[in-house]
Amino acid sequence: MTGVLKNNLRTRSALLRALRNAFYRAEFLEVSTGVKIPAPAPEEYIESVPCQGGFLRTSPELAMKRMLCAGMERIFQIGSAFRAEEEGRKHREEFTIMEYYAVEWNYRELAEFTADMIKSAALELFGKSTIFYQGVPVDLGRHAFITVDEAFRKYAGVSAFDADADGSFDELMVLKVEPELGKDRPEFLIDYPANRASLSRLSAADDRVAERWELYIRGMELGNAFGELTDAVEQRRRFEAALKFRAEQGMLAYPEATDFLEALEKGMPASSGCAIGFDRLCMIFCDAYEISDVIFD
């Protein structure tokens, strides 16, 4: 083991401790759910890993939402998740996910909590909020918000809704928008076109967009969050549409997520939830360019 990796693993451990401390201060309960599941959420661009009649989870999302339906109020989980054929500087097929939910918090409140949690972790580890990532100072004590449409107009020169309609959204996001986000502080990209948030409720202020945000630091996406959809009929409709899309693309066929949909039909409280790629957050805290520099394979 190299000295760099050894130091990074120490930082990784300290970061885990600091994040858990933030959750405990906010009265979150740490939970654990199964890694092998009967049915993943049918997402259009994420493929799961089959495993002996089931699937390795791409996220603990559906199980944790069932916990909310059963009466839990603030919960978090840190553990392994799997996404097929993901490999690269920022990707691994197996990675560590940090997922958390809060009843009666809206998605903006969850963003503020997330920003404060990252700031408090920096203060606990380094005694200051400003760190350097790849030679550039980043102030983790400040954060910003920008809507998806504002970001597309500013960096790609086109409305996000037009880009979504003409099929250029994903390409422009990767090439033009993402590299500009979170350059000197954490930045929340909020209010996605409604069809790009299948598990999120629509905005009460503008039904063209959904209550979804993604968190970026130095152009790297770290987290994805929703104001959670609690309408069981609408959720079933969106899942059916996603399953149809997956079939058309030749992706894996999933069974219906029966346990989750039945729990949702019984009632899920208004809540918000977020999933953060913990390894990527480690990259920021360790000033690591490659995800392999913060993982012991």
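Using the working numbering, the first residue of the sequence shown is number 7, and each one after it goes up by one.
Where a beta carbon is used, it is the ideal one built from N, C-alpha and C, also for glycine.
With contacts defined as CB atoms closer than 8 Å, G233 and I103 fail to qualify as a contacting pair. Around the CB of G173, fewer than 16 other CB atoms lie within 10 Å, so the residue is classed as exposed. For V215, same chain residues with a beta-carbon under 7 Å away, outside a window of 5 residues either side, are D197, Y198, P199, A200, S209 in chain order. Taken through DSSP and simplified to helix, strand or coil, S298 comes out as helix.
The region 118-126 makes no contact with the region 88-102; the number of CB pairs closer than 8 Å stays below 3. Contact between L258 and P66 does not hold, since the beta-carbon distance rounds to 19 Å and is not under 8 Å.
In the displayed model, G9 falls within a helix according to three-state DSSP. S19 counts as exposed, since fewer than 16 other beta carbons sit within 10 angstroms of its beta carbon. In this structure, the alpha-carbon of D293 lies about 43 Å from that of G273. Per DSSP, the beta bridge partners of D145 are T136.
In the DSSP assignment, D197 falls within the unbroken beta strand (DSSP E) covering 193-199. Here N13 is exposed: its Cβ has fewer than 16 other Cβ atoms, across all protein chains shown, within 10 Å. Exclusion of the five residues before and after I152 leaves K160, L187, E193, F194, L195, I196 as the residues of its chain whose Cβ lies within less than 8 Å of its Cβ.
In the same chain as L35, and ignoring 5 residues on each side of it, the C-beta atoms closer than 6 Å to its own belong to I81, in chain order. In the three-state reduction of the DSSP assignment, I124 falls in the helix class, which pools H, G and I. Spanning the alpha carbons of M73 and R114 requires a straight line of approximately 22 Å.
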